[in-house]
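Each residue of the sequence shown is one higher than the last, beginning at 3 in this note's numbering.
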Amino acid sequence: MILDPVPGSDEERLRFAQLQSRLGPMFRDVFSHPAAPRTIVVVPSMSLDTDVLAKISGAQHYEERQLGMLMFLRLPRTRIVYVTSQPIAPVIIDYYLNLLGGVPASHARKRLVMLSAYDGAPRALSDKILERPRLLARIREAIGDPKLAHLSCFNTTDRERTLAVQLDIPLYGCDPALSPLGSKSGSRTIFREAGVPCPKGYENLRDVHDVAAAIAAMRREEPALRRVVVKLEEGFSGEGNAILELDEAPSELGTIEHWLRDALVQKLRCEAAGETPETFFAKFAGMGGIVEAWIEGEVKRSPSVQLRVTPTSGLELISTHDQVLGGPSGQVFLGSTFPADGAYRAALHEAGRRIGEVLRARGVLGRFAVDFVAVWRDGAWDLAAIEINLRKGGTTLPFQMLQFLTDGRYDEASGEFVTPLGQPRCYYATDNLVRPEYRRFIPEDLVDVLVENGLHFDETTQEGVVFNLIGALSEHGKLGLVCIARDHETALALYERTMHILDAEASRSVEPPR
């Protein structure tokens, strides 16, 4: 019997590197051939701070956001092993399988293995799997030949490296050793190296005293500075951010640092619900963070660009989005529109590629995204890079669904998505449509509503609505959806119509069956 290396050991890191070396040949010989046999093990583990997970409404159901991977079952000899914390309702799986074009759902279902840890605790799924040797054995058995398999995760940490080694398959994602490049401090370092502008600020801060000293230095450099944003190194969806207003700060440079230390623990406004300055800085002391000048402007947007480094070191531009943000100061990710505004789309491409070149040179692998703030000044848009996410995110599933459902491609020259017939497609997407009344729905009800009201994606017109986070509906009143149409206006109108129908259906009573 061969024993697995000790997690975190040099032996494990060496074994991981050996497994990763399989990805290049697999990418050339398997990924590029639709009929080639392969197995994709999907572990949608949100390996984040447990306090962060606990604050996300319906966090466990975010594991459903990778169900777009089921579209790979269109490839006739592809098998998928999908592992979750709790079982996903069969009606949800049926919903996705029925979106497959050209493949009978029954054929796809035979090539899909769903496994569960039966553990709903707000912890990383990867930990739950690693704690259950029999579940690990079932995954190994479902994989078949490990030389034709790879692991796909939401993000990559030491846990996912251990999981890949214990499953004896490579991980299509960034080596966890490189994860600091995607931290808030690491992002700022990469931006400077790439020559891409970012907000004025300081990184690699350790505690409230460092933050106060950094803000004092920023105020000396720019006396008119009105507000700053303090960010945890490993925040998620903007909920690791907090705002400090400086309107009441003394102008005397000798007293401002003392004022700042008091203000940071008394007046800091946190984005995350229930977060206080005390709990915020307790986390800050554990992981560190940054402080940046708040970017002022009457007209502001929050675009992003998504790229991928392939196992053969290719750099691919995937998409651009304008993010829909909410929360107390507009920093929490709620959804996105695709593609980003044409006025700055080319600038996003250029900045994204420059950042991507630096990340590729550092050894980054897989999908990543870069968030920006765009401000309208003097008749033009100014872009400032905000952060790098070395993982899948809220824009991953919508774009995957668009790609799979239409067989189209992103045209980098125009920055538009075009179908095989040359028609453009856009979408409006959200994973945060929340109504208390939606708790009246169970997944079967949602399917009834979308069929009865013609909301289902239409393969003929290649327009319509695709739902996600369906499992969060009954418990949390929360739902995700992607509204695909020929232009932004039609996509937004489709979203508003969908919301109107759901609201109306949730408020009406239904006659019981006789």
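Think of the CB as a built atom: it goes at the ideal place given N, C-alpha and C, for glycine as much as any other residue. On a predicted model such as this, the values are computed, not experimentally measured, just so you know.
So the candidates are 337, 21, 405 and 440; which of them puts its Cα closest to the Cα of residue 162?
Nearest C-alpha to residue 162 among 337, 21, 405 and 440: 21.
Check each candidate in 221, 114 and 16 and name the one with the smallest Cα separation from residue 144.
114
What residues in its chain sit with their C-beta under 7 Å from that of residue 189, if we drop five residues either side in the sequence?
389 and 390
Taking 9 Å as the threshold (C-beta atoms), are residue 488 and residue 426 in contact?
yes
Short check: CB of residue 47 to CB of residue 126, under 9 Å?
yes
Let me check understanding here. Comparing Cα to Cα, which of 327, 310 and 328 lies closest to residue 321?
310
Per the DSSP calculation, residue 146 is bridged to which residue(s)?
None, per the DSSP bridge assignment.
Does the Cβ of residue 11 have 16 or more other Cβ atoms within 10 Å, making it buried, or fewer, making it exposed?
With fewer than 16 other Cβ atoms within 10 Å, it is exposed.
Ignore the nearest five residues each way along the sequence and tell me which others in residue 2's own chain have a CB closer than 7 Å to its CB.
Any answer about residue 2 is impossible in this case: the structure gives the chain only from 3 up to 516.
Let me make sure I understand the geometry here. Which of 416, 129, 439 and 371 has the alpha-carbon closest to that of residue 166?
When only C-alpha atoms are compared, the closest one is 129.
Using only the alpha-carbon positions, how far apart do residue 85 and residue 495 sit?
35 Å
Roughly how far, in whole angstroms, is the beta-carbon of residue 408 from the beta-carbon of residue 464, given that I think they are within contact range, below 8 Å?
5 Å
Could you name the residues of the same chain whose beta carbon sits closer than 6 Å to that of residue 236, not counting the 5 residues immediately before and after it, in chain order?
289
Taking all protein chains shown into account, do 16 or more other C-beta atoms lie within 10 angstroms of the C-beta of residue 431, making it buried, or fewer, making it exposed?
buried
Report the rounded CA-to-CA distance for residue 416 versus residue 64, giving the unit in angstroms.
32 Å
Determine which residues share a DSSP beta bridge with residue 390 and list them.
372
State the start and end residues of the unbroken alpha helix (DSSP H) segment that holds residue 131.
127-132
Can you list, in chain order, the residues of its chain whose CB lies under 7 Å from that of residue 90, leaving out five sequence neighbours each side?
If we look at residue 90 and ignore the five residues flanking it on each side, its Cβ neighbours are 66, 116 and 473.
Mapping the DSSP letters down to three states, classify residue 325 as helix, strand or coil.
strand
In its own chain, which residues sit with a C-beta less than 7 Å from the C-beta of residue 5, not counting the 5 before and 5 after it?
Nothing listed; no residue qualifies.
Which residue from 226, 149 and 479 puts its Cα closest to that of residue 32?
149
How big is the Cα-Cα spacing for residue 403 and residue 238?
Pairing residue 403 with residue 238, the inter-Cα distance amounts to about 23 Å.
Around the Cβ of residue 109, are there at least 16 other Cβ atoms within 10 angstroms (buried) or fewer (exposed)?
By the neighbour-count rule (16 or more Cβ atoms within 10 Å), residue 109 is not buried but exposed.
Would you grab the beta carbon distance between residue 337 and residue 434 for me? Rounded to a whole angstrom, and I think it's under 8 Å.
6 Å
Of the choices 223, 197, 204 and 292, whose alpha-carbon is the least far from that of residue 244?
292
Tell me where the beta strand (DSSP E) around residue 431 begins and ends.
426-436
One question on the structure: do residue 307 and residue 350 come within less than 9 Å of each other, judged by their Cβ atoms?
yes
Does the separation of the CB atoms of residue 45 and residue 153 fall below 9 Å?
yes
For residue 194, which residues in the same chain have their Cβ closer than 8 Å to its Cβ, ignoring the five residues on either side in sequence?
200
Give me the Cβ distance between residue 372 and residue 302, rounded to the nearest whole Å; I'm assuming they're in contact under 8 Å.
With a contact defined as Cβ atoms closer than 8 Å, residue 372 and residue 302 miss out at about 17 Å.
Along the chain, where does the beta strand (DSSP E) containing residue 413 start, and where does it finish?
Residue 413: member of the beta strand (DSSP E) spanning 411-413, first to last residue.
Which residue from 340, 344, 76 and 83 puts its Cα closest to that of residue 37?
It is 76.
Between the alpha carbons of residue 7 and residue 23, how many angstroms are there, rounded?
18 Å
What are the boundary residues of the alpha helix (DSSP H) that residue 289 is part of?
279-289
Buried or exposed, going by whether 16 or more other CB atoms sit within 10 Å of the CB of residue 325?
buried
For a quick check, are the C-beta atoms of residue 97 and residue 73 less than 9 Å apart?
no
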